[in-house]
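Everything below concerns the one structure shown next.
Residue numbers (my numbering): 511 to 577.
Here's what the structure looks like:
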């Protein structure tokens with residue numbers, strides 16, 4: 511499993527950043543409550559950048575889609 515996917519999965523299923531990124535109520539979608547804050551606070555810790563667009567690009571690369 512790719513590092514990005516593994517990191518994303520651990521963020522979504524761990525107690526780490528659940529106020530900024532979480533599964534929706536039925537567990538089918540990822541919800542980022544505040545993209546700017548997520549990029550500034552979470553991305554540098556887990557993805558080594560502070561860029562929301564880079565995070566979205568990685569999601570797209572692994573076939574995630576905005577709904």
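Ideal Cβ positions, reconstructed from N, Cα and C, are used throughout, including at glycine.
Next on the checklist: Contact defined as beta carbons within less than 8 Å: I believe residue 530 pairs with residue 543. What is the distance between those atoms, to the nearest angstrom?
Outcome noted: 6 Å
Item to check | residue 515 - DSSP class collapsed to helix/strand/coil | outcome: helix
Checklist entry - Should residue 548 go down as buried or exposed, given a rule of 16 or more other Cβ atoms within 10 Å for buried? => result buried
Checklist entry - For residue 542, which residues does DSSP report across the bridge? => result 531
Next on the checklist: I'd like the list of long-range same chain contacts for residue 564, defined as Cβ closer than 8 Å, with 5 residues on each side in sequence excluded.
Outcome noted: 553, 557
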